[in-house]
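**Q**
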Amino acid sequence: MTWIVRLRAHDNGRIVESATFQAPDAAMAAYRTLLGRKELVGEPLAAVFKPPQGVDPAGNVATLFSRFDMPVGYGRIAADDPRLDPFLTKDAGNEIALSACPDRPIVDWETDPRPFGECLKAWHAGIPGGRAAAARELRVPATTYKGWCDGRGSPTEGAIRRLMTYIDKDS
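Just so we're aligned, residue 3 is where the sequence shown starts under the numbering used here, counting upward by one.
(1) Looking only at DSSP bridge pairs, what is LYS52 linked to?
(2) Taking the C-alpha atoms as reference points, what is the distance between LEU66 and ALA48?
(3) Answer with buried or exposed for ILE17, where buried requires no fewer than 16 other C-beta atoms within 10 angstroms of its C-beta.
(4) Would ILE162 pass as a contact of LEU140 if the rule is Cβ separation under 8 Å?
(5) Note down the Cα distance separating ASP13 from SER101, rounded to an integer number of angstroms.
(6) For GLY132, does the count of other Cβ atoms within 10 angstroms reach 16, so buried, or fall short, so exposed?
(7) Give the list of continuous alpha helix (DSSP H) stretches no shorter than 4 residues that lie fully inside the stretch 114–156.
(8) Going by DSSP in three states, GLU45 sits in which element: helix, strand or coil?
(9) Sort PRO26, ALA137, CYS151 and ILE6 by Cα distance to LEU165 and report the nearest one.
(10) Between the alpha carbons of PRO104 and TRP5, how many angstroms are there, rounded?
(11) For MET30, count neighbouring C-beta atoms within 10 Å of its own C-beta (all shown protein chains included) and say buried if the count is 16 or more, exposed if not.
(12) Could you name the residues that DSSP lists as bridge partners for THR91?
(13) Roughly how many angstroms lie between the CA atoms of THR113 and PRO157, to the nearest whole one?
(14) Looking at the unbroken beta strand (DSSP E) that takes in THR22, where does it start and where does it end?
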């Protein structure tokens, strides 16, 4: 069965890009990548996720459309929306396109039992711009942040963990 991910123009319906996949998870990963392309935001294009015919005997699997010329929740789907699934129903697909991505629970980094470096790596994985942006958020040099990620301790670890939690609550 072939899963299709496309980039389609609004004005004439022309397919700008297209890729096919044999595995639903690979197709969904490609769709998320397409949804996350910042250079397409505002353009008269749509990201399309098309499951194969017959994948669901009831015929209830949705073709997903995400319009880059619309805000998230008003026809555009966020790349990191946890509700995205290759086997979404038509109703669930419409709800994702027409509602904002649900809020994620805030991690309390102060009580996280993992080592400091692991917490920092997990924290900056969710920040656009990665490690460099995380260092800027914490107002520390990139080399200091890298050292912490690599396992070097800090006498201010508790305060930094608290600040990470506050930054997450604020964003």
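Quick reminder that beta carbons are idealized off the backbone N, C-alpha and C, glycines included.
**A** Taking the geometry as given:
(1) ILE6
(2) So the alpha carbons of these two residues sit roughly 10 Å apart.
(3) exposed
(4) Yes. Within cutoff.
(5) 25 Å
(6) exposed
(7) 118–127, 132–140 and 144–151
(8) GLU45 falls in the coil class under three-state DSSP.
(9) Of the candidates PRO26, ALA137, CYS151 and ILE6, ALA137 places its Cα closest to the Cα of LEU165.
(10) 26 Å
(11) buried
(12) VAL63
(13) 17 Å
(14) Unbroken beta strand (DSSP E) run through THR22: 17–23.
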